[in-house]
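Residue numbers (the numbering used here): 791 to 1121.
Ideal placement from N, C-alpha and C gives every residue a C-beta, glycine not left out.
On a predicted model such as this, the values are computed, not experimentally measured, just so you know.
First comes the structure, then the notes that go with it.
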């Protein structure tokens, strides 16, 4: 048993190492002539300026342009992977993903309102982001509230999610119909999903949400393990499946809405990463939840690296690339 646990930890350590290597490699891709060693040196020099001599231009490009995007990608991939994992567990559905609760269509609707009507709950730079976040959360709360009244079985949640998804998608389409070219471009590019919005200013906010929500999800790992054998079994052991389901849905909605309002809709990560982790590590959610997050981060950062460089200087939206790369993995 100990060797099995060690193997699981070793696997996660290997994935984390691969993220570190991937970071160095992705920073070097592009028109500037930076080596992998330069990239790491520029990053370390930020913390230990006395020991490393780095070209100021290299330092600026690495630290202000390339690295925030990679950190944003790691956080977004981690959040989507973790939420996909816990949602598949509580809904007992291999097709469940972070967007099952209509979160992406709610966020898209928020963007549509801001773009076409100029109506937003927040001003300044958070105009679009604030709207996307508010409507994503509104959407989830509505579905969770509905299923709480009807009894929060996995079927109720999925069906309510599908219904709300269709409704908000239709409303977004209606706004697209009335939008002018500029508004249409804004709505469409947001719907494709991209990591370009990340800067150092945005990352603390995401870290705060993750710092609160991810431990709250991890606390329920045992309950999720019990729930996989069915609601009745869980009840007999003293786990209230419906309450756990609503708790998980609320917490993960907050995580997903935070990611989505910055990145737009990036599909497939939350669907593929938990399946990959489950194939390799088995069904114990104590390991499965963090592993799904780390794998999600690897897939998203790798997909973004490919998207930025496959037909450089054109940058393909990350959301398109994750689906293209995600399909073979999913198969």
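The residue among 960, 961, 1070 with its C-alpha nearest the C-alpha of residue 795 is 1070. Excluding sequence positions up to five before and after residue 880, its CB lies within less than 6 Å of the CB of 1035, 1038, all in the same chain and listed in chain order.
If you check the CB distance, residue 833 and residue 1098 do not come in under 8 Å. With at least 16 other beta carbons inside 10 angstroms of its own, residue 859 counts as buried.
Here DSSP, grouped into helix, strand and coil, assigns residue 901 to helix. Per DSSP, the continuous alpha helix (DSSP H) segment holding residue 850 begins and ends at 846 to 850.
Segment contact: the stretch 888 to 900 against the stretch 954 to 965, three or more CB-CB distances shorter than 8 Å; contact assigned. Secondary structure of residue 1104 (DSSP, three-state): strand. Judged by beta-carbon spacing, residue 887 lies beyond the 8 Å limit of residue 1007, meaning their Cβ atoms are not closer than that value.
Residue 921 and residue 928 have their C-alpha atoms some 10 Å from each other.
In the three-state scheme derived from DSSP, where H, G and I count as helix and E and B as strand, residue 1057 is classed as coil. In the structure shown, residue 828 falls within a helical segment according to DSSP collapsed to helix, strand and coil. Here residue 1013 carries a helix assignment [DSSP, helix/strand/coil]. Residue 974 and residue 824 have their alpha carbons spaced roughly 37 Å apart.
Apart from the 5 residues on each side of it in sequence, residue 882 sits with its Cβ closer than 6 Å to the Cβ of 944 in its chain, given in chain order. Closest in C-alpha terms to residue 951, from the list 962, 935, 963, comes 935. The Cβ-Cβ distance between residue 1053 and residue 997 does not fall below 8 Å. Comparing alpha-carbon positions, the option among 807, 841, 855 lying closest to residue 847 turns out to be 855. Judged by their CB atoms, residue 1057 and residue 1113 are nearer to each other than the 8 Å cut-off. The alpha-carbon of residue 1068 is positioned some 7 Å away from that of residue 1078. With fewer than 16 neighbouring CB atoms inside 10 Å of its own CB, residue 994 falls in the exposed class. For residue 969, same chain residues with a beta-carbon under 6 Å away, outside a window of 5 residues either side, are 906 in chain order. Within a 10 Å sphere around the beta-carbon of residue 971 sit fewer than 16 other beta-carbons, which makes this residue exposed.
According to the DSSP assignment, residue 1025 belongs to the alpha helix (DSSP H) that extends over 1021 to 1027. Residue 941 sits in coil when the DSSP states are folded into three classes, being neither helix nor strand. The three-state reading of DSSP puts residue 839 in coil, since its state is none of H, G, I, E or B. Here residue 863 is actually not in contact with residue 983; their C-beta atoms are around 11 Å apart, not less than 8 Å.
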